[in-house]
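Read the structure below first, then the notes.
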Amino acid sequence: MSDNVIQTIPLEFTRLTEAEMQQRAASFYSQVKCRRTVREFSDEAVPAEIINNCLRAAGTAPSGANRQPWHFAVVSDPAIKHRIRLGAEEEEREFYQSRAPQDWLDALAALGTDANKPFLETAPYLIVIFAEKFSRDVAGEKQKNYYVTESASIATGVLITALHNAGLATLTHTPSPMKFLNEILQRPVTEKPLMVLVVGYPKADTHVPAISRKALEDFTSFHDGN
Ligand code: IYR
Numbered sequence: 167m168s169d170n171v172i173q174t175i176p177l178e179f180t181r182l183t184e185a186e187m188q189q190r191a192a193s194f195y196s197q198v199k200c201r202r203t204v205r206e207f208s209d210e211a212v213p214a215e216i217i218n219n220c221l222r223a224a225g226t227a228p229s230g231a232n233r234q235p236w237h238f239a240v241v242s243d244p245a246i247k248h249r250i251r252l253g254a255e256e257e258e259r260e261f262y263q264s265r266a267p268q269d270w271l272d273a274l275a276a277l278g279t280d281a282n283k284p285f286l287e288t289a290p291y292l293i294v295i296f297a298e299k300f301s302r303d304v305a306g307e308k309q310k311n312y313y314v315t316e317s318a319s320i321a322t323g324v325l326i327t328a329l330h331n332a333g334l335a336t337l338t339h340t341p342s343p344m345k346f347l348n349e350i351l352q353r354p355v356t357e358k359p360l361m362v363l364v365v366g367y368p369k370a371d372t373h374v375p376a377i378s379r380k381a382l383e384d385f386t387s388f389h390d391g392n
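If you use our numbering, the sequence shown closes out at 392, no skipped numbers anywhere.
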């Protein structure tokens, strides 16, 4: 440990009863397991303050050296959404026609995706997440960030969960490459687009692929000495 003195504040932590912990863990799981990626969105407007609070929740994520190396570009302007759709569809056409190897196309078959991305214009919000490789210190000097992709991905996970909790549907969309997003949204080259989160209400009668999730024992191992 270094001997420099750091300033501290008391931790805000509420110790719950075990019964309450059990109840909360089970209820959170039953709520979050209903989240599904949606590809058909209604154009119904979403109140901005709901989005803002979900973004605030995302901004509480842990990050390397507390650098908070993320930027969320929140797009609701139809003209910008249109440009993002054109840029994404151009990359996606390349992907589906030539870039994607056959095994990848086979893996996507169950999802029914293709190069057309109308939801990028229909949904009321696109949140483009950028990972900041560098930020500026108080003196305006460029400083390197740490665990940038991990940190921005954790924040994105919190955002997706917060939006679901607030009653909204999302789609994690990853056109590749995503450089066109820096140009459209005028973000510096030190920021790497991580993904586009499409946010809104599902279109009435939306159906989703009949896919399942792994059971607990299929994605965990418990090292408890037994
Ligand atoms: N980015 C493409 C392809 C795609 C890739 C994966 I991995 C997915 O889980 C879904 C789609 C697209 O958005 O269509």
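Positions of the beta carbon are idealized from the N, C-alpha and C atoms, including for glycine.
Distance check between Leu337 and each of Glu255, Ala289, Phe296, Ser317 places Ala289 closest, using alpha-carbon atoms only.
Not one heavy atom of the ligand IYR falls within 8 Å of the beta-carbon of Ser378.
By the criterion of a C-beta distance shorter than 8 Å, His248 is surrounded in its chain by Glu287, once the five residues flanking it on both sides are discounted. Annotated as distal: Ala275 and Ala297, with beta-carbon spacing of 9 Å or more. Taking a 10 Å sphere around the C-beta of Arg222, we find fewer than 16 other C-beta atoms and assign the residue as exposed.
Closer than 8 Å to some heavy atom of the ligand IYR: that does not describe the Cβ of Ala289. Taken through DSSP and simplified to helix, strand or coil, Met361 comes out as strand. Annotation: Ala211 to Pro284 spans about 16 Å, alpha carbon to alpha carbon. Counting only the Cα atoms, Asn392 lies some 45 Å from Phe238. For Glu257, the enclosing alpha helix (DSSP H) begins and ends at 244-260.
Secondary structure note for Glu298: its beta strand (DSSP E) is the uninterrupted segment 291-298. The criterion of a C-beta distance shorter than 9 Å is not satisfied by Thr386 and Met361.
Asn311 sits away from Ala376, with the two beta carbons spaced by 9 Å or more. Residue burial is scored here from C-beta neighbours: Cys200 has fewer than 16 other C-beta atoms within 10 angstroms and is therefore classed as exposed.
A residue is called buried once 16 or more other Cβ atoms fall within 10 Å of its Cβ, and Lys358 is buried on that count.
If you draw a straight line from the Cα of Glu257 to the Cα of Asn348, it comes to about 14 Å. Here Gly278 carries a coil assignment [DSSP, helix/strand/coil]. Between Val364 and Phe207 the beta-carbon gap is near 7 Å, inside 8 Å, which marks them as a contact.
In this structure Tyr195 does not touch Ser242 by the C-beta definition: roughly 32 Å separates them, more than the 8 Å allowed. When secondary structure is reduced to three states using DSSP, Lys369 falls in the coil class, being assigned neither helix nor strand.
Separation of Asn218 and Lys308 (C-alpha to C-alpha, rounded to the nearest whole angstrom) is 28 Å.
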